[in-house]
Amino acid sequence: MTGTPDGIFGTISHEIHRKRRAAVSPFFSKANVTSEEPRIFESVRLLCDSLEKQIVTQGWAEMRQNYLALTTDILSDHAFGRSLKLLHEEQNAHDWKRTIKAIAILTPLVKQFTWIIPLALRLPLRPLQFVVPDLARIVALRRDMDRQAEVAIRSHSESSISVSEKSTIARPGINIFSSLLSSKTLPSREKGRSRIAQEAFVVLVAGGETTARILTAVTYHMLAKRDTVLRKVKRELDDAIFDPDVRVPVQELERLPWLTAVIKESLRITGLVTSRLPLVSPKDPLQYEDWTIPPGTPISMTLPDILHDPKVFSDPLEFHPERWFPSNPDYEKVNNGYIPFGRGSRMCVGINLALAEIYLSIAYIFRRFDLELYETTRERDIDHVRDCFIA
């Protein structure tokens, strides 16, 4: 549906997917993301400075676009070695938001008519911009990824970049193209321009938008409960972060019970991926209660159906971070049903980077500012109204 059948997201074969994911996973490993925390923190500080200017000049800040600029800058810096600098240029941030929206809006259509994007990629860009501007934005981004992949392949060939025979962990400064080209788990046929360009396209599009949506949801739910939840979180942050200009490691922020509970509850109640996620067990039968599902049978789950299941989560559409405390009698049950990033071999590959962004952003924004909601309603601005793969 994204026109990227050769990226890990679109790979059907279990065996091929395992090899492709193994080449990408080290780039988003816990160790790799931890080493990036200082750069993530600097981006968060830049966002805070930008928010202060916006609030001083116009009295408010539109957080959805600000968060998308932040997460895209962090992701592009981490994955491509150069930030898009959307936090520096408001117009560029606005244009990028339109591109991301175009991808989402077209998803239901291209999901049914899978020939649309492959055909569009073969058409001249200018006529496409005039006739179908949303589709043209997707094509332009795909072609940019193709160009970057071509440069990376040429550079890799000239400099013979390689990683250790014993490891595929991406080294500091290496981008996702170089990481894929240097991987020992991928055969040479998996390192072509189109293949690695598709991988990069999915990483850039999926990683920034999803994390930005979650940050927006966390911000809303905390501000909607200023006198209860927000007050408790701010008390934790005041104690944990003595100086807002000094970075506290994510590992320490994860130990703050109210902050962690608010983030987990926001991830749960948002249930961001609204599409069914089909999976196939290639060799082994699966047992579900009294039913045996034969190998090779496609099965699927929809994350919101599980994360909003009233049998597991009481008052599932209500924001109750208290459910994530061990004192909750249903604590074990809710933890077992907590799958905002999916589960198994196809779960979100960028989970470590996403959580680092969320913890650092929420911690330092709410440590530095005393915010309140402005012209925001849950029904219009937060709740799901449409399935475009994500809500």
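For the sequence shown, position 359 matches number 1645 in my numbering, and the numbering has no gaps at all. Every residue, glycine too, gets a C-beta built ideally from N, C-alpha and C. Note that the structure is predicted; figures quoted are calculated from it, not measured.
query                                                                                                                                     : result
Would you check if the distance between the CB atom of L1545 and the CB atom of I1648 is smaller than 8 Å?                                : yes
Around the Cβ of T1663, are there at least 16 other Cβ atoms within 10 angstroms (buried) or fewer (exposed)?                             : exposed
According to the neighbour-count rule (16 or more other Cβ atoms, all chains shown, within 10 Å of its Cβ), is H1507 buried or exposed?   : buried
In three-state terms, what does DSSP make of L1565?                                                                                       : strand
Taking only the alpha-carbon atoms, compute the straight-line gap between D1669 and A1503 and give it to the nearest angstrom.            : 9 Å
For a test of the three-state rule: what should DSSP assign to C1334, helix, strand or coil?                                              : helix
What residues in its chain sit with their C-beta under 6 Å from that of G1296, if we drop five residues either side in the sequence?      : T1290
Using three-state DSSP, classify L1572 as helix, strand or coil.                                                                          : strand
What does the alpha-carbon distance come out to for the pair P1612 and H1606?                                                             : 14 Å
Could you give the DSSP three-state label for P1590: helix, strand or coil?                                                               : helix
Give the range of the alpha helix (DSSP H) segment to which I1579 is assigned.                                                            : Unbroken run through I1579 is the beta strand (DSSP E), 1577–1579; no alpha helix (DSSP H).
Would you check if the distance between the CB atom of I1360 and the CB atom of E1643 is smaller than 8 Å?                                : yes
Give me the Cβ distance between R1475 and D1432, rounded to the nearest whole Å; I'm assuming they're in contact under 8 Å.               : The pair is not a contact, with the Cβ atoms about 18 Å apart (cut-off 8 Å).
How many Å lie between S1600 and L1407 at the Cα?                                                                                         : 47 Å
What residues are listed by DSSP as bridge partners for V1559?                                                                            : I1676
Mind checking who I1585 pairs with in its DSSP beta bridge?                                                                               : L1565
Is I1447 helix, strand or coil when you go by DSSP?                                                                                       : The predicted model places I1447 with a pLDDT of 42, which falls under 50 and marks its position as unreliable; any figure quoted below should be read in that light. Coil at I1447, not helix or strand.
So which of R1666, F1655, D1576 has the shortest CA-CA distance to D1335?                                                                 : F1655
Judging by CA-CA distance, which residue of R1325, N1614, H1380 is the nearest neighbour of M1349?                                        : H1380
How many whole angstroms separate the CB atoms of I1391 and C1674, which I take to be in contact at a CB cut-off of 8 Å?                  : 6 Å
What separation, rounded to the nearest whole angstrom, lies between the Cα atoms of V1620 and S1552?                                     : 14 Å
My guess is that R1481 and D1292 are in contact by the Cβ rule of under 8 Å, so how many angstroms apart are they, rounded?               : 5 Å
Between S1448 and the rest of its own chain, which residues show a CB-CB distance below 6 Å, the 5 nearest in sequence each way excluded? : In this prediction, S1448 scores a pLDDT of 45, lower than 50, which makes its location untrustworthy; no coordinate-derived value is stated.
Roughly how many whole angstroms lie between the Cα atoms of A1365 and Q1415?                                                             : 28 Å
Can you tell me whether DSSP reads G1494 as helix, strand or coil?                                                                        : helix
Counting pairs of Cβ atoms below 8 Å between the region 1548–1563 and the region 1582–1598, do you hit three or more?                     : yes
Looking at the unbroken alpha helix (DSSP H) that takes in E1643, where does it start and where does it end?                              : 1637–1654
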